[in-house]
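Using full-length UniProt numbering, count along the sequence shown one by one with no gaps and you end on 345. Just so it is clear, CB atoms sit at the ideal spot from N, CA and C, and this is done for glycine as well. Since we're looking at a predicted model, the values are computed, not measured.
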Amino acid sequence: MTRVRPLHLAAEIAPPPAGPAPGSAGTGPRTVAGTVALARLAEDAGLDFLTHDDSFARPGLDALAVLARIAPETRAIGLVPTVTTTHTEPFHVQAAVATLDWVSRGRAGWRVAVSPGADEARLFGRRPAPPAAELWQEASEAAEVARLLWDSWEDDAEIRDVATGRFVDRRKLHHVGFEGATFSVKGPSIVPRPPQGNPVVVVDATRPAARETAARHADVALIRASSPEEAAALRAELHRAARAHGRDPGLLRVLLTLTADLDARPGGPAALAGLVADWHGGGAVDGLHFVPAVPERDLPRFAAGVAGPLRDRGLFRTAHEGATLRDHLGLPRPVSQYAPKGADA
Numbered sequence: 001m002t003r004v005r006p007l008h009l010a011a012e013i014a015p016p017p018a019g020p021a022p023g024s025a026g027t028g029p030r031t032v033a034g035t036v037a038l039a040r041l042a043e044d045a046g047l048d049f050l051t052h053d054d055s056f057a058r059p060g061l062d063a064l065a066v067l068a069r070i071a072p073e074t075r076a077i078g079l080v081p082t083v084t085t086t087h088t089e090p091f092h093v094q095a096a097v098a099t100l101d102w103v104s105r106g107r108a109g110w111r112v113a114v115s116p117g118a119d120e121a122r123l124f125g126r127r128p129a130p131p132a133a134e135l136w137q138e139a140s141e142a143a144e145v146a147r148l149l150w151d152s153w154e155d156d157a158e159i160r161d162v163a164t165g166r167f168v169d170r171r172k173l174h175h176v177g178f179e180g181a182t183f184s185v186k187g188p189s190i191v192p193r194p195p196q197g198n199p200v201v202v203v204d205a206t207r208p209a210a211r212e213t214a215a216r217h218a219d220v221a222l223i224r225a226s227s228p229e230e231a232a233a234l235r236a237e238l239h240r241a242a243r244a245h246g247r248d249p250g251l252l253r254v255l256l257t258l259t260a261d262l263d264a265r266p267g268g269p270a271a272l273a274g275l276v277a278d279w280h281g282g283g284a285v286d287g288l289h290f291v292p293a294v295p296e297r298d299l300p301r302f303a304a305g306v307a308g309p310l311r312d313r314g315l316f317r318t319a320h321e322g323a324t325l326r327d328h329l330g331l332p333r334p335v336s337q338y339a340p341k342g343a344d345a
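Set out below in structure tokens:
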């Protein structure tokens, strides 16, 4: 019997930049309780993960901080904040994402982003905004050094021996010695190896400049397409590029990102459920990343009218079976690059 390829569903949870639409459920700033309620709704629907968009040009709370606050209020759903690599220190970014993985007990991811705007560059005054190709090359190096730093503590590096006063086995900490085009990092990290080994890396590969970074480093690539044929071509392109970098393309999940107002969409949730089933069944994508026009209004409709029917048709999970985001995505826990050869994952 042929095993059905798993379907993956994710959703964006950040408030729309312009605020709620007229007549929506939300009429003012979202409260912490409101954000937690949305996260729990998505979790109860069985979604793989939530994203929270962010940029230096976007008003509102820091995405990492928001999802760190949500982590103890949820138990299973993955949490993936957007963090730019353009005006941040890679060492600090990886430590923050690793900390989110500890806080969430293995449910963290990181949506790698760049900051191409001149307005954002002026906030820092460090340099003009480089061309997109240079920004994504820097992002690729940041993702590479993040994995090195997450691995810089071997899994059993912590001793925690009260009697001898030894917290860590220094022989199992490693200096990464990374030299990039715009930064260098020695390491090791200041955070022990995360529960997932490496938190899940997500890259929006819609723009051509980002696809190389996605092919080299992403566990999940997000794409936008207007037809299943276009989506299938993008997925195949990413798989070919991943293979060229020595990666197993079967471990790269490609999700269609779709921004939708379920009130305005012809056929509404039922039509969207049918689209997801058709595109996934035809091999065009591995699932859907839903960006609701108004999360307070559209996310409940997505949970009931899209995830629910897909579950009823046997295409989507009835409950989270694993404990980590890697479990949800069917991805193995990586072995540390510095672990002795032959070590178990």
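Rounded to whole angstroms, Val-220 and Thr-324 show a C-alpha spacing of 15 Å. With 16 or more neighbouring CB atoms inside 10 Å of its own CB, Pro-81 falls in the buried class. Here the C-alpha atom of Glu-120 lies approximately 29 Å from the C-alpha atom of Glu-296. When Thr-31, Ala-214, Val-83, Asp-156 are compared, the shortest CA-CA separation from Trp-110 is found for Val-83.
When beta bridges are read from the DSSP output, Arg-253 appears opposite Val-220.
Between the C-alpha atoms of Val-93 and Arg-127 there is a straight-line separation of about 19 Å.
When the alpha-carbon of Ala-33 is set against those of Thr-86, Asp-62, Asp-278, Val-66, the nearest one is in Val-66.
The residue among Ala-10, Thr-86, Gly-106, His-8 with its C-alpha nearest the C-alpha of Pro-334 is Gly-106. Listed as beta-bridge partners of Gly-109 by DSSP are Val-200. Listed as beta-bridge partners of Phe-178 by DSSP are Val-185. Rounded to the nearest angstrom, the gap between the Cα atoms of Ala-39 and Thr-74 is 7 Å. Boundaries of the beta strand (DSSP E) around Arg-166: 166-168. Linking Leu-310 to Leu-331 through their CA atoms gives a straight-line distance of about 22 Å. Within the stretch 21-105, the runs of beta strand (DSSP E) that reach at least 3 residues and sit entirely inside it are, in chain order, 49-52, 78-84. Considering only Asp-278, Pro-199, Leu-258, the residue with the shortest C-alpha distance to Leu-329 is Pro-199.
The three-state secondary structure of Gly-287, taken from DSSP, is strand. Between Leu-234 and Leu-79, the alpha-carbon positions lie close to 25 Å from each other. With contact defined as three or more Cβ pairs closer than 8 Å, the stretch 223-232 and the stretch 262-272 are not in contact. Glu-12 is positioned such that its CB atom lies closer than 8 Å to that of Val-291.
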